[in-house]
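Counting the sequence shown from 1 gives a position; my numbering is that position plus 642. Quick reminder that beta carbons are idealized off the backbone N, C-alpha and C, glycines included. Structure first, commentary second.
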Amino acid sequence: NGIKIFDENGISYSDEQQQSIEKKIRDKNYLLANWKNVGKCTEIDDTYLYIEKVKKITNLQKRWNIIVDPGCGATYSVGPKILKTSGCKVTVLNAQPDGNFPARPSEPTKKFLRNLAQIVKALGSDIGIAFDGDGDRVAFIDKDGKFADFDRVLAAFMGYVLQKNGGGTVVTNVEAS
(Lines of atoms letter the chains of each structure in order from A and count residues from 1; the text may use other names and numbers.)
(Lines give C-alpha, C1' and ligand atoms only; values in the text may rest on other atoms or scores of the structure.)
Protein backbone atom coordinates (compact mmCIF):
# COMPACT_ATOMS: atom_id res chain seq x y z
CA ASN A 1 0.00 0.00 0.00
CA GLY A 2 1.08 3.56 -0.51
CA ILE A 3 -0.03 7.14 -0.52
CA LYS A 4 -2.13 8.51 -3.35
CA ILE A 5 -1.77 12.23 -3.98
CA PHE A 6 -4.45 14.37 -5.61
CA ASP A 7 -4.54 18.01 -6.61
CA GLU A 8 -7.10 20.58 -5.45
CA ASN A 9 -9.53 19.35 -8.13
CA GLY A 10 -9.33 15.72 -7.04
CA ILE A 11 -7.17 14.70 -10.02
CA SER A 12 -4.44 12.17 -9.31
CA TYR A 13 -0.88 13.43 -9.65
CA SER A 14 0.98 12.23 -12.74
CA ASP A 15 3.90 9.83 -12.39
CA GLU A 16 6.29 12.74 -12.94
CA GLN A 17 4.66 14.83 -10.21
CA GLN A 18 4.74 11.91 -7.79
CA GLN A 19 8.40 11.20 -8.58
CA SER A 20 9.22 14.86 -7.92
CA ILE A 21 7.63 14.63 -4.48
CA GLU A 22 9.40 11.33 -3.75
CA LYS A 23 12.73 12.97 -4.68
CA LYS A 24 12.07 15.89 -2.31
CA ILE A 25 11.33 13.44 0.49
CA ARG A 26 14.42 11.32 -0.23
CA ASP A 27 16.62 14.42 -0.43
CA LYS A 28 14.92 15.93 2.65
CA ASN A 29 14.31 19.05 0.57
CA TYR A 30 11.18 20.31 2.30
CA LEU A 31 9.99 22.45 5.20
CA LEU A 32 7.44 21.37 7.77
CA ALA A 33 4.51 23.72 8.20
CA ASN A 34 3.18 24.63 11.61
CA TRP A 35 -0.05 22.66 11.86
CA LYS A 36 -1.86 25.77 13.14
CA ASN A 37 -1.13 27.52 9.83
CA VAL A 38 -2.11 24.74 7.44
CA GLY A 39 -5.82 25.46 7.25
CA LYS A 40 -9.04 23.87 8.27
CA CYS A 41 -10.46 20.46 7.67
CA THR A 42 -14.13 19.78 7.25
CA GLU A 43 -15.25 16.22 7.75
CA ILE A 44 -17.92 15.06 5.36
CA ASP A 45 -19.59 11.69 5.81
CA ASP A 46 -20.62 10.69 2.32
CA THR A 47 -20.60 6.95 2.93
CA TYR A 48 -24.31 7.01 2.15
CA LEU A 49 -23.39 7.56 -1.53
CA TYR A 50 -21.32 4.38 -1.55
CA ILE A 51 -23.97 2.43 0.34
CA GLU A 52 -26.67 3.52 -2.11
CA LYS A 53 -24.49 2.48 -5.07
CA VAL A 54 -23.89 -0.96 -3.55
CA LYS A 55 -27.62 -1.38 -2.88
CA LYS A 56 -28.42 -0.50 -6.51
CA ILE A 57 -26.10 -3.15 -7.94
CA THR A 58 -26.97 -5.96 -5.52
CA ASN A 59 -30.12 -7.94 -5.04
CA LEU A 60 -30.04 -10.17 -1.99
CA GLN A 61 -32.45 -13.07 -2.27
CA LYS A 62 -32.17 -13.77 1.44
CA ARG A 63 -31.92 -11.63 4.56
CA TRP A 64 -28.79 -13.15 6.05
CA ASN A 65 -27.90 -13.45 9.72
CA ILE A 66 -24.30 -12.21 9.57
CA ILE A 67 -21.43 -11.77 11.99
CA VAL A 68 -19.14 -9.12 10.51
CA ASP A 69 -15.61 -8.43 11.74
CA PRO A 70 -13.97 -5.28 10.33
CA GLY A 71 -10.95 -6.04 12.53
CA CYS A 72 -10.72 -2.42 13.79
CA GLY A 73 -9.87 -1.41 10.22
CA ALA A 74 -11.17 0.95 7.55
CA THR A 75 -14.48 -0.87 7.05
CA TYR A 76 -15.48 -0.54 10.72
CA SER A 77 -18.47 1.63 9.80
CA VAL A 78 -19.37 1.16 6.15
CA GLY A 79 -19.16 -2.65 6.11
CA PRO A 80 -21.83 -3.19 8.76
CA LYS A 81 -23.96 -0.31 7.40
CA ILE A 82 -24.11 -1.86 3.92
CA LEU A 83 -25.21 -5.19 5.32
CA LYS A 84 -27.78 -3.65 7.68
CA THR A 85 -29.32 -1.42 5.01
CA SER A 86 -29.59 -4.49 2.78
CA GLY A 87 -31.94 -6.01 5.34
CA CYS A 88 -29.51 -8.40 6.99
CA LYS A 89 -29.40 -9.11 10.71
CA VAL A 90 -25.89 -8.00 11.59
CA THR A 91 -23.79 -8.60 14.68
CA VAL A 92 -20.56 -6.62 14.60
CA LEU A 93 -17.23 -7.51 16.21
CA ASN A 94 -14.14 -5.29 16.43
CA ALA A 95 -15.79 -2.18 15.00
CA GLN A 96 -13.75 0.44 16.83
CA PRO A 97 -11.19 1.98 14.44
CA ASP A 98 -7.62 1.40 15.62
CA GLY A 99 -4.63 1.21 13.28
CA ASN A 100 -2.80 -0.97 15.81
CA PHE A 101 -5.39 -3.73 15.22
CA PRO A 102 -5.73 -4.79 18.87
CA ALA A 103 -8.50 -7.35 18.26
CA ARG A 104 -6.72 -9.50 15.68
CA PRO A 105 -3.99 -9.08 13.07
CA SER A 106 -5.11 -7.14 10.00
CA GLU A 107 -5.01 -10.04 7.55
CA PRO A 108 -8.25 -12.08 7.50
CA THR A 109 -6.62 -15.52 7.41
CA LYS A 110 -7.97 -18.82 8.69
CA LYS A 111 -5.59 -18.66 11.64
CA PHE A 112 -6.62 -15.14 12.64
CA LEU A 113 -10.36 -15.78 12.24
CA ARG A 114 -10.73 -18.73 14.62
CA ASN A 115 -12.67 -16.58 17.08
CA LEU A 116 -15.06 -15.41 14.36
CA ALA A 117 -15.55 -19.02 13.25
CA GLN A 118 -16.46 -20.08 16.79
CA ILE A 119 -18.92 -17.20 17.18
CA VAL A 120 -20.62 -17.87 13.83
CA LYS A 121 -21.14 -21.50 14.76
CA ALA A 122 -22.18 -20.80 18.37
CA LEU A 123 -24.78 -18.18 17.39
CA GLY A 124 -26.14 -20.18 14.46
CA SER A 125 -25.39 -17.38 12.01
CA ASP A 126 -25.56 -17.90 8.26
CA ILE A 127 -22.12 -16.51 7.57
CA GLY A 128 -19.16 -14.62 9.00
CA ILE A 129 -17.50 -11.85 7.02
CA ALA A 130 -14.10 -10.39 7.91
CA PHE A 131 -12.22 -7.56 6.23
CA ASP A 132 -8.53 -6.75 6.20
CA GLY A 133 -7.24 -3.48 7.62
CA ASP A 134 -7.71 -1.28 4.56
CA GLY A 135 -10.83 -3.02 3.28
CA ASP A 136 -9.52 -4.38 0.00
CA ARG A 137 -9.77 -8.03 1.01
CA VAL A 138 -12.55 -10.06 2.53
CA ALA A 139 -12.82 -13.53 4.01
CA PHE A 140 -15.83 -15.69 4.71
CA ILE A 141 -16.72 -18.23 7.38
CA ASP A 142 -19.58 -20.62 6.62
CA LYS A 143 -22.41 -21.49 9.03
CA ASP A 144 -20.45 -24.48 10.31
CA GLY A 145 -17.52 -22.26 11.30
CA LYS A 146 -15.36 -23.32 8.36
CA PHE A 147 -13.06 -20.85 6.62
CA ALA A 148 -13.89 -20.44 2.93
CA ASP A 149 -10.72 -20.83 0.87
CA PHE A 150 -9.93 -17.62 -1.05
CA ASP A 151 -9.54 -19.45 -4.36
CA ARG A 152 -12.93 -21.10 -4.00
CA VAL A 153 -14.58 -17.79 -3.12
CA LEU A 154 -13.00 -16.17 -6.17
CA ALA A 155 -14.09 -19.07 -8.40
CA ALA A 156 -17.67 -18.90 -7.08
CA PHE A 157 -17.83 -15.14 -7.58
CA MET A 158 -16.42 -15.36 -11.09
CA GLY A 159 -18.93 -18.11 -11.88
CA TYR A 160 -21.70 -15.76 -10.81
CA VAL A 161 -20.29 -12.85 -12.84
CA LEU A 162 -19.85 -15.00 -15.95
CA GLN A 163 -23.37 -16.39 -15.66
CA LYS A 164 -24.83 -12.92 -15.16
CA ASN A 165 -22.92 -11.52 -18.15
CA GLY A 166 -23.36 -14.42 -20.55
CA GLY A 167 -19.87 -15.90 -20.33
CA GLY A 168 -16.41 -14.58 -21.01
CA THR A 169 -12.87 -15.13 -19.82
CA VAL A 170 -11.39 -14.48 -16.40
CA VAL A 171 -7.68 -13.81 -15.95
CA THR A 172 -6.15 -13.65 -12.49
CA ASN A 173 -2.81 -14.28 -10.87
CA VAL A 174 -2.00 -17.17 -8.56
CA GLU A 175 -2.02 -14.93 -5.48
CA ALA A 176 -5.50 -13.50 -6.03
CA SER A 177 -7.50 -12.98 -2.86
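Check: Spell out the partners DSSP gives VAL732 in its beta bridges.; Outcome: ILE708
Check: Whose C-alpha, out of ASP784, GLU694, ILE771 and GLU685, is nearest the C-alpha of THR727?; Outcome: GLU694
Check: Give me the Cβ distance between ALA781 and LEU755, rounded to the nearest whole Å; I'm assuming they're in contact under 8 Å.; Outcome: 6 Å
Check: Straight-line CA distance for ARG668 to GLY809?; Outcome: 48 Å
Check: Can you give me the C-alpha to C-alpha distance between ARG779 and PRO750, rounded to a whole angstrom?; Outcome: 8 Å
Check: Would DSSP call ALA781 helix, strand or coil?; Outcome: strand
Check: Exposed or buried, THR811, counting other C-beta atoms within 10 Å across all chains shown (16 or more means buried)?; Outcome: exposed
Check: Can you look up ALA790 in the DSSP assignment and give me helix, strand or coil?; Outcome: coil
Check: Tell me which residues share the same chain as PRO739 and place their Cβ nearer than 7 Å to its Cβ, disregarding the 5 neighbours each side in the sequence.; Outcome: CYS714 and TYR718
Check: Which same chain residues end up closer than 7 Å to LYS752 when comparing Cβ atoms and leaving out the 5 residues on each side of it in sequence?; Outcome: PHE789
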